[in-house]
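The next block holds one structure in the form of structure tokens; read it before the comments.
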Amino acid sequence: MMRFQDKSIIVTGAGSGIGRAAATLFAAEGGRVICADKTDGADATVQAIRDAGGTAEAVRIDAGLEEDVQRVVALAVERFGGLDIMFANAGISGGMANIFDTDVALITEVLRVNLIGPYLAIKHAAPEIAKRGVGAIVLTASVAGIRSGAGSPAYSASKAGVINLAKTAAQQLSGSNVRVNAICPGLTETGMTKPTFDYARDAGKMDRVGRLNPLRRGAQPEELAKVALFLASDDASYVNGQAIAVDGGLSSSHPVTKQEYGRTAV
Ligand SMILES: NC(=O)c1ccc[n+]([C@@H]2O[C@H](COP(=O)([O-])OP(=O)(O)OC[C@H]3O[C@@H](n4cnc5c(N)ncnc54)[C@H](O)[C@@H]3O)[C@@H](O)[C@H]2O)c1
2 MMRFQDKSII VTGAGSGIGR AAATLFAAEG GRVICADKTD GADATVQAIR DAGGTAEAVR
62 IDAGLEEDVQ RVVALAVERF GGLDIMFANA GISGGMANIF DTDVALITEV LRVNLIGPYL
122 AIKHAAPEIA KRGVGAIVLT ASVAGIRSGA GSPAYSASKA GVINLAKTAA QQLSGSNVRV
182 NAICPGLTET GMTKPTFDYA RDAGKMDRVG RLNPLRRGAQ PEELAKVALF LASDDASYVN
242 GQAIAVDGGL SSSHPVTKQE YGRTAV
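Take 2 as the starting number for the sequence shown in the numbering used here and just add one per residue.
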């Protein structure tokens, strides 16, 4: 029996990166996946899933718009008879503007997609999932939401909000059997970070990518998706209200210089 056999699953941001990897893995484990994205990237994800014998459907949504979130939840119920899992993963970086260069329009848009999006996902998915008697919501936050230094002020604030949303929603869904958790990715090679990885590769500087974490590399999307799948699965049946860093160990330490370590172990 596969972990997600016949489960009805929504993945937002499924047209690229972590969302595409998660949708593909959910389907490979028997899930029926609504691949939602604002671009037609979800069509390619769905095609690949179908080519591999899986079940998926693409839908174009803006994850930060309430009517679109309601529409995608209704679609899952209509096509697959209900909803078991929501992976609210869509997000934007909003660029690297500092506080003084960030205008209200920019921070409003980053918060709308990155924070209001997951809020709406919980608001509209949780009641449907609760009808099944058990299920899970996973949100994509970021190490940028844990402390400063991994994104713009707008992005970091949005992701800090997502971390709290996972905790608060888990509490407010008490008694429903709907668990809510978040993943906090570190630097991962996706559409969002393509310029960084492309630049490093072209400049022969890949050894500098992710060098601040003890694994000394960036992540691949599947490494994040696998943790999201764990949190969505019954394997995590007693994990609730948590934000799990998936960052190669980046957030496990305060900044220190190599000299302060003395000799490293290897
Ligand atoms: N890549 C990283 O290093 C990294 C690190 C920490 C957190 N994250 C988070 O991971 C999540 C997935 O991003 P990714 O890295 O896979 O990037 P990505 O750009 O490859 O994928 C993001 C997807 O979300 C979609 N999207 C954006 N805005 C949307 C909207 N309003 N409605 C619907 N879809 C929308 C995009 O079209 C895209 O397909 C995001 O929440 C991001 O903030 C990424």
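In this text, a Cβ means the ideal position worked out from N, Cα and C, and glycines have one as well.
As for any beta strand (DSSP E) of minimum length 3 sitting wholly inside the region 131-174, the runs are 136-141, ordered along the chain. Note on geometry: alpha-carbon atoms of Q243 and Q48 lie some 33 Å from one another.
E79: not part of any beta strand (DSSP E); member of the alpha helix (DSSP H) spanning E67 to F81, first to last residue.
Placement of the Cβ of I100 at a distance of 6 Å or more from every heavy atom of ligand 1 is found. I184 sits close to V247, with the two beta carbons spaced by under 7 Å. In this structure, the C-beta of K124 stays at least 6 Å away from each heavy atom of ligand 1. With a 10 Å radius around the Cβ and a threshold of 16 neighbouring Cβ atoms, K39 comes out buried. Partner residues in the beta bridge of P186, as assigned by DSSP, are V247. The residue from A233, P256 and S254 with its alpha-carbon nearest to that of A24 is A233. In the three-state scheme derived from DSSP, where H, G and I count as helix and E and B as strand, E58 is classed as strand. D85 counts as buried, since no fewer than 16 other beta carbons sit within 10 angstroms of its beta carbon. M207 sits in a helix when the DSSP states are folded into three classes. Contact check for G152 and S94: beta-carbon distance about 7 Å, within the 8 Å limit, so the pair qualifies. Contact between the region 131-150 and the region 181-199 is present: 3 or more CB-CB pairs across the two stretches fall below 8 Å. Proximity of the beta carbon of L188 to ligand 1 is indicated: a heavy atom of the ligand is located closer than 6 Å.
Distance from the Cα of V70 is smallest, within the candidate group K124, D199 and E223, for K124. At least one heavy atom of ligand 1 is found less than 6 Å from the C-beta of N90.
A77 counts as buried, since no fewer than 16 other beta carbons sit within 10 angstroms of its beta carbon. Look at A64: its beta carbon is less than 6 Å from one of the heavy atoms in ligand 1. Taken from the Cβ of K227, every heavy atom of ligand 1 lies 6 Å or farther away.
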